[in-house]
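Report on the following structure.
2 protein chains.
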Amino acid sequence: MFNKITLIGIGLIGSSIALAARQKNLAKHIAISTRSEKTLQEAKNLNLGDSYYSDVKQAVKNADLIILCTPVGVFENIMKTIAPSIKQGAIISDVGSVKAHVQKVISPLLPKGVHFVPAHPMAGTEYSGPSAGFPSLFEGRWCMLTPSENQSKMAIKKLSDFWRELGSQVEIMDAEHHDLIVAITSHVPHLIAYNIVGTASELETVSKSEVIKYSAGGFRDFTRIAASDPVMWRDVFLTNRDAVLDMLGRFLGDLDKLKIAVEKGDGAALEELFTRTRAIRKSIIEAGQETSDADFGRHV
Amino acid sequence: MFNKITLIGIGLIGSSIALAARQKNLAKHIAISTRSEKTLQEAKNLNLGDSYYSDVKQAVKNADLIILCTPVGVFENIMKTIAPSIKQGAIISDVGSVKAHVQKVISPLLPKGVHFVPAHPMAGTEYSGPSAGFPSLFEGRWCMLTPSENQSKMAIKKLSDFWRELGSQVEIMDAEHHDLIVAITSHVPHLIAYNIVGTASELETVSKSEVIKYSAGGFRDFTRIAASDPVMWRDVFLTNRDAVLDMLGRFLGDLDKLKIAVEKGDGAALEELFTRTRAIRKSIIEAGQETSDADFGRHV
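For the protein sequence lines, the chains are A and B, in the order given. Counting from 1, position 223 in the first sequence corresponds to residue 222 in numbering that gives the first Met the number 0; the numbering is continuous, with no gaps. Counting from 1, position 128 in the second sequence corresponds to residue 127 in numbering that gives the first Met the number 0; the numbering is continuous, with no gaps.
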């Protein structure tokens, strides 16, 4: 499908792309670049690619597809560095969790004749680094592409095909709308998970060891996404601020009403909400985005 | 261990106790009682016990151990009904998620010579009803007992042994302290999970079908506990109000600070929290209360 793919950044998502692209035979050559010598060595030991570079300018030479797989905050600097070395006709893409910001910082730095097709695979685990990747990560998950309106249809089709080959379903949408969707389906959930884990670990009336011991009543579920990569998530909240604050405001408005229902002992209001929310999980299972196994099929 | 155990209420927890007690041979006779004829028939079809009663007074006759496995809100009425039929020397227990309230409503109704040892197994799944139970549910989980200070040591020991035989670790503590612990490790997590699922399903800017489709970015995790039994959870919030509002207040105070960090773009504060919260999951895994498998070992 491609002669040469360059992956810049080789964490959970980058390493999973490398493994899946190799398995599906989507590239003759996979080049891997990362700033950290230690991470580069780790990627080499895991045999994730065909060539390894700490100099990102060297890594992108002659690549047909370049995918930015670093935290979003360094995209601008990387583009400034690699722009002169990108081949005419190449496709640049990324896997960032925010899209309007990415469009804003990358578009002005694009060399002429280079296609920019931003992407966001809705997939991941709580682990990070090159050893966290696995080739089936994207299977059955959605990948959202947010190309600008004047982008080459051919480049969009090629990247769509690439993600379908990796096992994903592909949807093309507007960057701003993407950012609203992920604010409610991913960013605010992470924010409140990080927050409750923070609250629980700093109480005086309940000790941290009690929180750990008795976590199976619900709390432990939240610790999974609150164990996600700190730098990646810092950058998400720095670059999708408006959509996150919008959705967080709605969450807080609803929580205020729920708090009043608890204060007043309004059992009917509580039961009504708790019955309504039950249905949505069923729909997610039916849509193939969740397991029907009890407790996620968790064994412990 | 017991001649006759009576389970009042035969949902997820009641049916799991029945199956585990049978498997471990902890009772010569297991009697099952529930108000709903349909549920009673279901329990019968599943062969969960030795005898089945819609009349709870009949069910408790000659029982050595009676366990209330219904939502907490009906405990008081059940006790009023069964009190005259309980055998001298019997142990009454329960599996309710709140303990100070249970102590308060049951203690005045206890016949003389009957031992009351309240219990709360920290275990469950998002499914409910008699068919949701399985005998290994309590294995490795904690069961908290909150007997009053003047309770018979023998009865406490007998119930502790029973829960240990079911596979649990047992801890004895004060009812008020129990209620604070579960407010932060279970009740507030459920409240915010119910709340975000409610918020997400009522947006105008993002459709419900988009929320379902793109739920794998974190949201779907919350739908699991937000699919828990509505009546059971209504009763939890009606009967552990003060501890829940205390912990919810702390959560909201912290969330307000986090919101300000997002508004101001304070990357250092975000990264500091996100790094700190990562450690606690590791401790929960080390304590044997969580799997180290990526994504809960979820297969979908």
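Glycine is no exception: its CB is placed at the ideal position from the N, C-alpha and C atoms. Owing to the predicted nature of the structure, the values given are computational and were not obtained by experimental measurement.
Does Asp294 of chain B have its Cβ less than 8 Å from a Cβ in chain A? By 1-based counting over the second sequence, the position of residue 294 of chain B is 295. With 8 Å as the cut-off, Asp294 of chain B counts as an interface residue toward chain A.
So, Ile77 of chain B versus Ile7 of chain B, is the Cβ gap smaller than 8 Å? Along the second sequence, one-based indexing puts residue 77 of chain B at 78. Along the second sequence, one-based indexing puts residue 7 of chain B at 8. Yes.
Check this for me: beta carbons of Leu136 of chain B and Ser35 of chain B, under 8 Å apart or not? Here the question's residue 136 of chain B lines up with position 137 in the second sequence. Here the question's residue 35 of chain B lines up with position 36 in the second sequence. Cβ distance not < 8 Å, so Leu136 of chain B and Ser35 of chain B don't count as in contact.
In terms of DSSP beta bridges, what is Met143 of chain B paired with? On the second sequence, position 144 is the one that residue 143 of chain B refers to. In DSSP, Met143 of chain B forms a bridge with B:His119 and B:Glu170.
Between the C-alpha atoms of Phe161 of chain B and Ile283 of chain A, what's the straight-line distance to the nearest angstrom? Numbered from 1 along the second sequence, position 162 holds the residue referred to as residue 161 of chain B. Numbered from 1 along the first sequence, position 284 holds the residue referred to as residue 283 of chain A. Cα-Cα distance, rounded: 38 Å.
Would you grab the beta carbon distance between Phe115 of chain A and Gly95 of chain A for me? Rounded to a whole angstrom, and I think it's under 8 Å. On the first sequence, residue 115 of chain A is found 116 positions in, with the first residue counted as 1. On the first sequence, residue 95 of chain A is found 96 positions in, with the first residue counted as 1. Between Gly95 of chain A and Phe115 of chain A the Cβ distance is about 12 Å, and since that is not below 8 Å, they are no contact.
Quick check: the region 204-215 of chain B against the region 262-272 of chain A, are at least 3 beta-carbon pairs closer than 8 Å? no
Since Ala182 of chain B and Val243 of chain B are thought to touch, with beta carbons under 8 Å apart, how far apart are those beta carbons, to the nearest angstrom? Counted from its first residue, the second sequence places residue 182 of chain B at position 183. Counted from its first residue, the second sequence places residue 243 of chain B at position 244. Indeed, because the Cβ distance is near 5 Å, the residues count as touching under 8 Å.
Contacts of Asn194 of chain B in chain A (Cβ-Cβ under 7 Å): Here residue 194 of chain B refers to the residue found at position 195 of the second sequence. Per Cβ cutoff of 7 Å: Phe250, Asp253, Leu254 and Leu257.
Just the Cα atoms here: how many angstroms apart are Pro146 of chain A and Met172 of chain A? Counted from its first residue, the first sequence places residue 146 of chain A at position 147. Counted from its first residue, the first sequence places residue 172 of chain A at position 173. When rounded, the distance between both Cα atoms is 8 Å.
Selection from B:Lys258, B:Pro129 and B:Gly296 that minimises the alpha carbon distance to Ile31 of chain B: Mapped onto the second sequence, residue 31 of chain B falls at position 32. Here the closest residue by C-alpha is B:Pro129.
Between Thr80 of chain A and Pro117 of chain A, what straight-line distance do the alpha-carbon atoms span, to the nearest angstrom? As a position in the first sequence, residue 80 of chain A is number 81, starting the count at 1. As a position in the first sequence, residue 117 of chain A is number 118, starting the count at 1. So the alpha carbons of these two residues sit roughly 18 Å apart.
What would DSSP say about Ser32 of chain B, mapped onto helix, strand or coil? Along the second sequence, one-based indexing puts residue 32 of chain B at 33. Three-state DSSP puts Ser32 of chain B in a strand.
Show which residues of chain B have a CB atom less than 9 Å away from the CB atom of Gln288 of chain A. Within the first sequence, the letter at position 289 stands for residue 288 of chain A. Near Gln288 of chain A (Cβ distances below 9 Å), the residues of chain B are Ile211, Lys212, Tyr213, Ser214, Ala215, Arg219 and Val299.
Measuring only between beta-carbons, confirm whether Ser185 of chain B sits less than 8 Å from chain A. Reading the second sequence from its first residue, position 186 is the one you call residue 185 of chain B. Answer yes: the Cβ-Cβ gap between Ser185 of chain B and chain A drops below 8 Å somewhere.
Taking only beta-carbon positions, decide if Ile171 of chain B is within less than 8 Å of chain A. By 1-based counting over the second sequence, the position of residue 171 of chain B is 172. By this cut-off, Ile171 of chain B is not an interface position.
Counting only Cβ pairs nearer than 7 Å, list the residues of chain B close to Phe137 of chain A. Counting from one through the first sequence, the residue named residue 137 of chain A turns up at place 138. Correct list: empty, because the minimum Cβ distance to chain B is about 10 Å.
On the criterion of 16 or more Cβ atoms from any shown chain inside 10 Å, does Lys103 of chain A qualify as buried, or is it exposed? In the first sequence, the residue the question calls residue 103 of chain A occupies position 104. Classification for Lys103 of chain A: exposed.
For the beta strand (DSSP E) that Phe1 of chain A lies in, which residues bound it at each end? Position 2 of the first sequence, counted from the first residue, corresponds to residue 1 of chain A. Per DSSP, Phe1 of chain A belongs to the beta strand (DSSP E) from Phe1 to Ile7.
Measure the alpha-carbon distance for Leu39 of chain A versus Ala225 of chain B and round it to whole angstroms. Along the first sequence, one-based indexing puts residue 39 of chain A at 40. Along the second sequence, one-based indexing puts residue 225 of chain B at 226. Each residue's Cα considered, the two are about 42 Å apart.
Could you give the first and the last residue of the continuous alpha helix (DSSP H) run that contains Ile91 of chain B? Looking up residue 91 of chain B in the second sequence gives position 92. Element bounds for Ile91 of chain B: not the alpha helix (DSSP H) but the beta strand (DSSP E), Ile90 to Asp93.
Which residue wins for smallest C-alpha separation from Met0 of chain B, given the options B:Ser200, B:Ala154 and B:Ile211? On the second sequence, residue 0 of chain B is found 1 positions in, with the first residue counted as 1. Of B:Ser200, B:Ala154 and B:Ile211, the residue nearest in Cα terms is B:Ala154.
Using the beta-carbon of each residue, which ones in chain A are nearer than 8 Å to Glu270 of chain B? In the second sequence, counting from the first residue as 1, residue 270 of chain B sits at position 271. What Glu270 of chain B touches in chain A: Pro229, Val230 and Arg233.
Assign Ala307 of chain A to one of two classes, buried (16 or more other C-beta atoms within 10 Å of its C-beta) or exposed (fewer than that). This structure leaves residue 307 of chain A out entirely; chain A is present only between 0 and 299.
Can you find a heavy atom of the ligand PLP that lies under 7 Å from the Cβ of Met143 of chain A? The ligand PLP is absent from the structure shown, which contains no ligands of any kind.
Count the other CB atoms within 10 Å of the CB of Pro70 of chain B; is the residue buried (16 or more) or exposed (fewer)? Within the second sequence, residue 70 of chain B is the residue found at index 71, counting from 1. Under this definition Pro70 of chain B is a buried residue.
Cβ atoms of Ile91 of chain B and Val55 of chain B: under 8 Å apart, would you say? Position 56 of the second sequence, counted from the first residue, corresponds to residue 55 of chain B. Position 92 of the second sequence, counted from the first residue, corresponds to residue 91 of chain B. No, they are not a contact pair.
At what residues does the alpha helix (DSSP H) containing Leu247 of chain A begin and finish? Locating residue 247 of chain A in the first sequence gives position 248, where the first residue counts as 1. Counting along the chain, the alpha helix (DSSP H) containing Leu247 of chain A begins and ends at Arg240 to Lys263.
Any contact of the region 176-190 of chain B with the region 230-242 of chain B, i.e. 3+ C-beta pairs under 8 Å? At 8 Å Cβ cutoff, the stretches touch.
Go through the region 184-216 of chain B residue by residue and report every complete run of the alpha helix (DSSP H) that reaches 4 residues or more, in order. 187-199 and 207-212
Taking a contact to mean a Cβ-Cβ separation below 8 Å, would you say Glu270 of chain B touches Arg233 of chain A in this structure? Looking up residue 270 of chain B in the second sequence gives position 271. Looking up residue 233 of chain A in the first sequence gives position 234. In this structure, Arg233 of chain A lies closer than 8 Å to Glu270 of chain B by Cβ.
Would you say Ile279 of chain B and Ser227 of chain A are within 8 Å of each other, going by their C-beta atoms? In the second sequence, counting from the first residue as 1, residue 279 of chain B sits at position 280. In the first sequence, counting from the first residue as 1, residue 227 of chain A sits at position 228. Contact flag unset, no.
With DSSP run on the structure shown, which of helix, strand or coil describes Leu64 of chain B? Residue numbering aside, residue 64 of chain B sits at position 65 when the second sequence is read from its first letter. In this structure, Leu64 of chain B counts as strand in the three-state DSSP scheme.
Between which residues of its own chain and Gly72 of chain B is the CB-CB distance below 8 Å, once the five residues before and five after are set aside? Counting from 1 along the second sequence, the entry for residue 72 of chain B is found at position 73. Answer for Gly72 of chain B: Val230, Arg233, Asp234, Leu237 and Thr238, listed in chain order.
Please confirm whether Leu18 of chain B has its beta-carbon closer than 8 Å to some beta-carbon of chain E. Although the question refers to chain E, the structure presented lacks it and instead comprises the protein chains A and B.
Could you please give the first and the last residue of the uninterrupted alpha helix (DSSP H) stretch that includes Lys282 of chain A? Taking the first residue of the first sequence as 1, we reach residue 282 of chain A at position 283. In the sequence as displayed, the identity of residue 282 of chain A is Ser instead of Lys. Gly266 to Glu285 is the span of the alpha helix (DSSP H), which, as asked, contains Ser282 of chain A.
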